[in-house]
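Each protein sequence line maps, in turn, to chains A and B.
According to the numbering used here, the residues represented by the first sequence are 19 to 434, in order.
According to the numbering used here, the residues represented by the second sequence are 2 to 699, in order.
The C-beta atom is built at its ideal place from N, Cα and C for all residues, glycine as well.
Here's the structure we're looking at; comments come further down.
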Amino acid sequence: MSNHLLQSNTQAILLLCASFGQKRDTEPKPLTLGEYNSLAGWLLEQEMTPGDLLNSTHKNKLLSATIGKLDSNRLVALLERGMMLSLAMEKWTNQGLWILGRSDSQYPKCLKQKLQHSAPAILYGVGNIELLTQGGLAIVGSRDVDEDAINYTNKVVQNCAAQGIQVVSGGARGIDQVSMLGALEFGGTAVGVLADSLSKAAVAGKYRPGIKEGRLTLISPYDPDSGFDVGNAMGRNKYIYALSDRALIVSSSFDQGGTWAGAIEALKKNIVPVFVRLEGNIPEGNKQLILNGAKPFEPTPHTSSLPTENPTEEVETPHTSSSLPTENPTEEVAGKLDKPKDIIYELVLPVLLEYLEQPLDEKSLAEYLDIQVGQMQKWLKRAVEEGKVIKTKNPVRYCLKHSAKQLLAKLEAKTE
Amino acid sequence: MVQAEKKQALFLLRQALQNPLADFREGQWEAISTLIKYKSRLLVVQRTGWGKSLVYFLATRLLRNQGAGPTLLISPLLALMRNQIAAAELIGVKAATINSSNTEDWEIVKSELLAGKIDILLISPERLANDDFRDTILLPISQRIGLFVIDEAHCISDWGHDFRPDYRRIVRILQALPSNIPALATTATANNRVVDDIKTQLGSNLEVSRGHLVRESLQLQNIQLPSPAARMAWLAQHLPNISGSGIIYTLTVRDAERVANWLKTQGINAQAYHSELENEKRQTLEDQLLNNFIKALVATTALGMGFDKPDLGFVIHYQRPGSVVHYYQQVGRAGRAVEQAYGILLSGNEDEEITNYFIQSAFPPEADTQQVLNALTCADNGLSVPQLEQQLNLARGKIDQVLKLLSLESPAPVTKQGSKWYATPVHYQPDTEKIEQLTSIRYQEQAQMAEYMQSQQCLMAFLAKALDDFNPVPCGKCAVCLGKPLLPETCSSELVNEAIKYLRRSDQVIEPRKQWASQAFPTYGFSGNMKNDLRAEAGRALCLWGDAGWGQLVKQGKYQHNHFDDALVQATFEMIQRWQPQPFPTWVTCVPSLNRRALVPNFAQRLADKLGLPFVPVVRKVRQNKPQKTMSNSYQQAHNLDGVFVIDSWQGMKGAVFLVDDFVDSRWTFTVIAALLRRGGSGAVFPLALALNSLDGG
Chain A
19 MSNHLLQSNT QAILLLCASF GQKRDTEPKP LTLGEYNSLA GWLLEQEMTP GDLLNSTHKN
79 KLLSATIGKL DSNRLVALLE RGMMLSLAME KWTNQGLWIL GRSDSQYPKC LKQKLQHSAP
139 AILYGVGNIE LLTQGGLAIV GSRDVDEDAI NYTNKVVQNC AAQGIQVVSG GARGIDQVSM
199 LGALEFGGTA VGVLADSLSK AAVAGKYRPG IKEGRLTLIS PYDPDSGFDV GNAMGRNKYI
259 YALSDRALIV SSSFDQGGTW AGAIEALKKN IVPVFVRLEG NIPEGNKQLI LNGAKPFEPT
319 PHTSSLPTEN PTEEVETPHT SSSLPTENPT EEVAGKLDKP KDIIYELVLP VLLEYLEQPL
379 DEKSLAEYLD IQVGQMQKWL KRAVEEGKVI KTKNPVRYCL KHSAKQLLAK LEAKTE
Chain B
2 MVQAEKKQAL FLLRQALQNP LADFREGQWE AISTLIKYKS RLLVVQRTGW GKSLVYFLAT
62 RLLRNQGAGP TLLISPLLAL MRNQIAAAEL IGVKAATINS SNTEDWEIVK SELLAGKIDI
122 LLISPERLAN DDFRDTILLP ISQRIGLFVI DEAHCISDWG HDFRPDYRRI VRILQALPSN
182 IPALATTATA NNRVVDDIKT QLGSNLEVSR GHLVRESLQL QNIQLPSPAA RMAWLAQHLP
242 NISGSGIIYT LTVRDAERVA NWLKTQGINA QAYHSELENE KRQTLEDQLL NNFIKALVAT
302 TALGMGFDKP DLGFVIHYQR PGSVVHYYQQ VGRAGRAVEQ AYGILLSGNE DEEITNYFIQ
362 SAFPPEADTQ QVLNALTCAD NGLSVPQLEQ QLNLARGKID QVLKLLSLES PAPVTKQGSK
422 WYATPVHYQP DTEKIEQLTS IRYQEQAQMA EYMQSQQCLM AFLAKALDDF NPVPCGKCAV
482 CLGKPLLPET CSSELVNEAI KYLRRSDQVI EPRKQWASQA FPTYGFSGNM KNDLRAEAGR
542 ALCLWGDAGW GQLVKQGKYQ HNHFDDALVQ ATFEMIQRWQ PQPFPTWVTC VPSLNRRALV
602 PNFAQRLADK LGLPFVPVVR KVRQNKPQKT MSNSYQQAHN LDGVFVIDSW QGMKGAVFLV
662 DDFVDSRWTF TVIAALLRRG GSGAVFPLAL ALNSLDGG
């Protein structure tokens, strides 16, 4: 694996936005996400990709352009930082770190879909990239916690591990680490979205074995060598939510601290359904979050192999590890009783949709996925019924419904 | 447009060379043009003196004129050669160097570079390995680099004769470099395999510019002289008859020192040059050779790449190098801007043993690598090198070698953060097959060099062919083409005898240790800096273990006869006369052994008799420990001696004393016993050994 060989698009995004271990106020100042978004908009108008900026003719175009309030000399100066990029890349990637730009195919789609313009332009990470698309339960809470909260968290992560539900958290002291390390201990997988010091965390004894086994992935939108910063810690909360299917707040203070702010943000922006612990020693913040739209969390899942105390409420609990992007997340909060075949269908659907960006017949599609043609027909039929896919005749082909395709294109356009 | 640029470049070239009639050599303008116009990735393979540096100076000037940032040049050279700097300055290209010997200038260079006052910055490949340097100096100044140049690019090829691990990092940096920055790699020596390997590593869009290698004024001759004394005598006799100044290459640092000192005793102005000298000293020596102030530098390969003296009169090899490419690279320094220059290869009996040692120690054994990796994997928060020494019975040098090679793997299973090493979460599988392949290539190269030694065809053509030069023709001026020696193959037996005597006077100083190994002596309670009144004095060893002088006789005494010959007693006595330690000892004692109870005391007794001093064996060994030679690093060697010896007292104790042993390696035995003697009331302690182990003397 050659992590240091980046796509030219990713190179350009890094040149524009990364600080490469320097202070962010060093001249030329790297673009903020907002500034980058306005440049991305201009690129789209010009029918250019970020990588085109590395080409000298296109560079001249940049010099004569007016892009929002951006100073084009600053952009040119940023793009001249190629040597800096390659030195930093060599250092980071040689420790096993990887870098994803928003244009990379492996960049987690859920971030773009759920956060749109707030999806970070760059992600630094270490570990199994595939975990980023597996959704899961976000578990967050304050740094200082009591035994109740710790026991509770351990119970939840043990259940998650047993059911193959991934844990997503922030790697901070307290609930974050308890949940991530717990998930690993019980044999599950975990994703940590760090606010600082990714290079240090990557070699810490507590994380190293999990990363090596492919069960733990750490990512950060911030420079791998950057130290702690309150703003960054707040800023990364939404990524924890966006990478998950549902979120559980174990403990939050009221109207202060990162956990509270993050939960309120997630509720306001409807990033994912938010649940709160209402057991044991309940902090004031937890109760207040209920008033703000969060739901009580029932830690015991409905799976028959595990005892349940209150089966009637099972519909409210998170119970799949599906990372289905839903256009309307609130629908899930309302809850619907999924039969296994529905679960499977929903898991398969995004894969089908991705293939069907190009028109295909059912036989080739079945071959691609190594599935019986009969089964494929059933799924396609349902997708057609749901209006997600259209079927053409002579020859018979399936493809994304035009509107769906446009929607995807629009989403892409917004983020690039 | 192109014509205008070329015209301007030609103008600059003539300015740089101070020659209004100068013109580009074949390929020079093309190289410059492709860099500035197409931001290409280019490999230039041309012999030393062709003008590779002019390519990057002119390209730098032209790019700077277009508003580009300065050039970053990675080179193993200590500094640009003075004539190169002068040429650069003539076209307004200001060069600066950052290396380990000018730390006080770093901040100034940094700010000047950021202010645009420096046009080309030279740094060594090893600097890139230093994280602190990368973070605090290199990264900040790299925000506006306009051209990336890698000198001595053959070091990139791990198939090459001169692979340097640090170049692995440079390859990755070059691979990661965005296409809007042009890059140039240059070398004077690369055969097809090396060029292909560089291409594979740097990508198929690498363009290659390659020229002829043959040196027209260089005359080659090979002479077989088995014994070191004969070769030293040959040098002393014939060097004065060769005109001009030159270089004598040896395979080891010790040989460089020894040959240089021998030539000095023979009234020849020669100086040793090797990696153990300070950078400043090395630059002074280079200057002295450049200006013909000395007859010869006796050098290891440390005097190598990029050294550019157009009027070098000769290159003589005291021993046979490990490969033809090595040899060509070194001998090719001679005969560039002079009518006639000699390339003489002397070859002796020890050559193969030395090159074998280099080949065998190039890679650490897999078990060592595994031990280091295991220790780091078990550590939660990393380990420093001293901590690794405490946990592992591996030599410091071995630990460093393992860590260095591992940290250069891609991706690396270990990484250094601050002063500690950490295991990374990377899956690592050592490529043993590749190591075997490389080792076998090294042996093939060694065999080819032996073949060259015996060659019955034109020697220059042999070298050119081995380097894949196209269409080599007989040179007509080497010893084979001429059918007679250029220089006599013999030397006077008187000089040979003198050289033998010189070799037998190769006393070695045993420097005293000044610091206790941390946490190694809980029983004796030794720690921290050694107090003056516990330290040993500087001692002496008669010879190097297994060496050409007395070394063989010591070896026989220890392992065959279990008795040291009287000749060694006499030689040691003579050494003491030369040495005259002050205050002169009044008694003799020795290091005890439980395995060979008589060997050393017997020798010490005879030496004491000869000196007319009493021999009093006051040091007793009270505990059997593991053999000291199985202890591999300083901590283990020191710790193995804790509580092992006690000192008996006697009335004459307070005088100075000779402390005798047969063999000295880590010096810990001498150090510990000296401290115990001093603590027991003795006077100054002078360590005295028959042989000094020198295997790590490279």
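- Message: Excluding the 5 residues flanking Arg536 of chain B on each side, which residues of the same chain have their C-beta closer than 6 Å to its C-beta?
- Response: For this step, residue 536 of chain B is matched to residue 535 along the second sequence. Excluding sequence neighbours, Arg536 of chain B sits near Pro513.
Margin query: Just to confirm my understanding: we take Gly275 of chain A, look at its own chain, exclude 5 residues before and 5 after, and list those with CB closer than 7 Å. What are they?
Written below: Residue numbering aside, residue 275 of chain A sits at position 257 when the first sequence is read from its first letter. Here the set comprises Ser160.
Members of the segment 200-223 of chain A that neighbour chain B once the beta carbon cut-off is set at 8 Å: Using a CB distance below 8 Å, the part of the segment 200-223 of chain A facing chain B consists of Ser217, Lys218, Ala220, Val221, Ala222, Gly223, ordered along the chain.
Q. Which whole-angstrom value describes the C-beta separation of Gln700 of chain B and Ser324 of chain B, a residue pair presumed to lie in contact below a C-beta threshold of 8 Å?
A. It is not possible to answer for residue 700 of chain B, since the shown part of chain B is limited to 2 through 699.
(Q) Starting from Arg435 of chain A, trace the beta strand (DSSP E) in both directions and tell me its first and last residue. (A) Residue coverage of chain A in this structure runs from 19 to 434, which leaves residue 435 of chain A outside it and unanswerable.
Worksheet item: Under a CB-based cut-off of 8 Å, is Tyr358 of chain B close to chain A?
Response: Within the second sequence, residue 358 of chain B is the residue found at index 357, counting from 1. With its beta carbon at least 8 Å from every one in chain A, Tyr358 of chain B lies outside the interface.
At the level of alpha carbons, what is the spacing between Ala177 of chain B and Ile146 of chain B? In the second sequence, counting from the first residue as 1, residue 177 of chain B sits at position 176. In the second sequence, counting from the first residue as 1, residue 146 of chain B sits at position 145. Looking at the two C-alpha atoms, the distance is approximately 14 Å.
Notebook entry, point to check: Assuming Ala281 of chain A contacts Leu307 of chain A under a Cβ cut-off of 8 Å, what Cβ separation, rounded to an integer in Å, is found between them?
Noted result: Looking up residue 281 of chain A in the first sequence gives position 263. Looking up residue 307 of chain A in the first sequence gives position 289. Indeed they touch by this definition, with Cβ atoms about 6 Å apart.
### Task
Report the residues of the segment 147-180 of chain B with a CB closer than 7 Å to any CB of chain A, ordered along the chain.
So the close ones are Phe149, Arg170, Arg173, Ile174, Gln176, Ala177, Leu178, Pro179, Ser180.
May I ask you to check if the CB of Met102 of chain A is nearer than 7 Å to at least one heavy atom of the ligand GTP? In the structure on display, the ligand GTP does not appear, and there are no ligands present to speak of.
Original post:
Cβ atoms of Val158 of chain A and Ile3 of chain A: under 8 Å apart, would you say?
Top reply: The structure shown does not extend to residue 3 of chain A, since chain A is modelled only from 19 through 434, so no value can be given for it.
Starting from Trp422 of chain B, follow its DSSP beta bridges and name the residues at the other end.
Reading the second sequence from its first residue, position 421 is the one you call residue 422 of chain B. According to DSSP, which records beta bridges pairwise, Trp422 of chain B is partnered with B:Leu384, B:Lys417.
Check your understanding: Ordered along the chain, which non-local residues of its own chain (more than five positions away) have a Cβ less than 6 Å from that of Pro68 of chain A?
Key -> On the first sequence, position 50 is the one that residue 68 of chain A refers to. Short of 6 Å from the beta carbon of Pro68 of chain A, and not among the five residues preceding or following it, lie these beta carbons of its own chain, in chain order: Asn27, Ala30, Ile31.
Item checked: Residues within the segment 125-149 of chain B neighbouring chain A, beta-carbon criterion of under 7 Å -> Residues Arg135, Asp136, Leu139, Leu140, Pro141, Ser143, Gln144, Arg145, Ile146, Phe149.
Contacts that Val427 of chain B makes with chain A (C-beta to C-beta distance below 7 Å): Your numbering for residue 427 of chain B matches position 426 in the second sequence. Listed along the chain, the chain A residues whose CB falls inside 7 Å of the CB of Val427 of chain B are Gly114.
Does any CB atom of chain B fall closer than 8 Å to the CB of Pro347 of chain A? Locating residue 347 of chain A in the first sequence gives position 329, counting from the first residue. Note on Pro347 of chain A: pLDDT 34, under 50, position unreliable in the model; the coordinate value appears next. The beta carbon of Pro347 of chain A does not come within 8 Å of any beta carbon belonging to chain B, so the residue lies off that interface.
For this session: Mind checking the segment 93-111 of chain A against chain B and listing, in chain order, the residues whose C-beta falls within less than 8 Å of any C-beta there?
Result: Cβ contacts with chain B: Ala95, Leu97, Glu98, Arg99, Gly100, Met101, Met102, Leu103, Ser104, Leu105, Ala106, Met107, Glu108, Lys109, Thr111.
- Query: Count the other CB atoms within 10 Å of the CB of Ser143 of chain B; is the residue buried (16 or more) or exposed (fewer)?
  - Reply: One-based indexing of the second sequence puts residue 143 of chain B at position 142. Buried, by the Cβ-count rule.
- Task: Measure the C-alpha to C-alpha separation of Phe204 of chain A and Pro227 of chain A and round it to an integer number of angstroms.
- Result: For the purposes of this step, residue 204 of chain A is taken as the residue at position 186 of the first sequence. For the purposes of this step, residue 227 of chain A is taken as the residue at position 209 of the first sequence. Phe204 of chain A and Pro227 of chain A have their alpha carbons spaced roughly 14 Å apart.
Selected residue, minimal CA-CA separation from Ser218 of chain B, among B:Gln267, B:Ala189, B:Pro311: Looking up residue 218 of chain B in the second sequence gives position 217. It is B:Pro311 whose Cα lies nearest to the Cα of Ser218 of chain B.
> Smallest Cα separation from Ile511 of chain B: which of B:Ser667, B:His327, B:Gln225?
Replying inline: Taking the second sequence and counting its residues from 1, one reaches residue 511 of chain B at position 510. Closest in alpha carbon position to Ile511 of chain B, among B:Ser667, B:His327, B:Gln225, is B:Ser667.
In chain order, each beta strand (DSSP E) run of at least 3 residues that lies wholly inside the segment 479-561 of chain B:
Within the segment 479-561 of chain B, the complete beta strand (DSSP E) runs of at least 3 residues are 509-511, 540-545.
- Message: Contact criterion: CB-CB distance below 8 Å. Does Asn382 of chain B meet it with respect to chain A?
- Response: Within the second sequence, residue 382 of chain B is the residue found at index 381, counting from 1. Yes, Asn382 of chain B lies at the interface with chain A (some Cβ there is under 8 Å from its Cβ).
Flag Thr416 of chain B as yes if its beta-carbon sits less than 8 Å from any beta-carbon of chain A, otherwise no. Along the second sequence, read from residue 1 onward, the residue named residue 416 of chain B stands at position 415. True, the Cβ-Cβ gap to chain A drops below 8 Å.
Review point. Under three-state DSSP, which class holds Tyr358 of chain B?
Key: Here residue 358 of chain B corresponds to residue number 357 of the second sequence, with the count starting at 1. Residue state, collapsed to three classes: helix.
Q: Tell me, please, whether the CB atom of Ser411 of chain B is closer than 8 Å to any CB atom in chain A?
A: Sequence index remark: in the second sequence, residue 411 of chain B carries index 410 (1-based). Cβ-Cβ to chain A under 8 Å: yes for Ser411 of chain B.
> Rounded to whole angstroms, how far is the Cβ of Ala87 of chain B from the Cβ of Ile121 of chain B, which I believe are closer than 8 Å?
Replying inline: Along the second sequence, one-based indexing puts residue 87 of chain B at 86. Along the second sequence, one-based indexing puts residue 121 of chain B at 120. In fact, because the Cβ distance is near 14 Å, the residues do not count as touching under 8 Å.
Can you list, in chain order, the residues of the segment 65-98 of chain B whose Cβ is nearer than 7 Å to any Cβ on chain A? Hits within the stretch, in order: Gly70, Leu73.
Using a C-beta cutoff of 8 Å, does Ile119 of chain B count as contacting chain A?
For the purposes of this step, residue 119 of chain B is taken as residue 118 along the second sequence, with counting starting at 1. No, its Cβ sits nowhere closer than 8 Å to a Cβ of chain A.
Relative to the C-alpha of Pro314 of chain A, which candidate in A:Leu118, A:Arg295, A:Gly303, A:Pro301 has its C-alpha closest? Walking along the first sequence from the start, residue 314 of chain A turns up at place 296. Selected option, being the one with the closest Cα: A:Arg295.
Q. Can a CB atom of chain D be found closer than 8 Å to the CB of Ile229 of chain A?
A. The chain inventory of the structure shown lacks chain D, comprising the protein chains A and B.
- Query: With burial defined as no fewer than 16 other Cβ atoms inside 10 Å of the residue's Cβ, what is the status of Cys379 of chain B: buried or exposed?
  - Reply: Taking the second sequence and counting its residues from 1, the one referred to as residue 379 of chain B is at position 378. So Cys379 of chain B counts as exposed.
Closer than 8 Å by beta-carbon distance: list the chain A residues that pair up with Ala424 of chain B, in chain order. In the second sequence, the residue the question calls residue 424 of chain B occupies position 423. Ala424 of chain B reaches chain A at Val221, Arg226, counting residues in chain order whose Cβ is nearer than 8 Å.
Consider the Cβ of Ser26 of chain A: report whether some Cβ of chain B lies at a distance smaller than 8 Å. Here residue 26 of chain A refers to the residue found at position 8 when the first sequence is read from its first residue. Yes, Ser26 of chain A lies at the interface with chain B (some Cβ there is under 8 Å from its Cβ).
Check your understanding: At what residues does the alpha helix (DSSP H) containing His155 of chain B begin and finish?
Key -> Working through the second sequence from its first residue, we reach residue 155 of chain B at position 154. No alpha helix (DSSP H) holds His155 of chain B; DSSP gives it neither H nor E.
Is Ile269 of chain B helix, strand or coil when you go by DSSP? Within the second sequence, the letter at position 268 stands for residue 269 of chain B. Reduced to three states, the DSSP call for Ile269 of chain B is coil.
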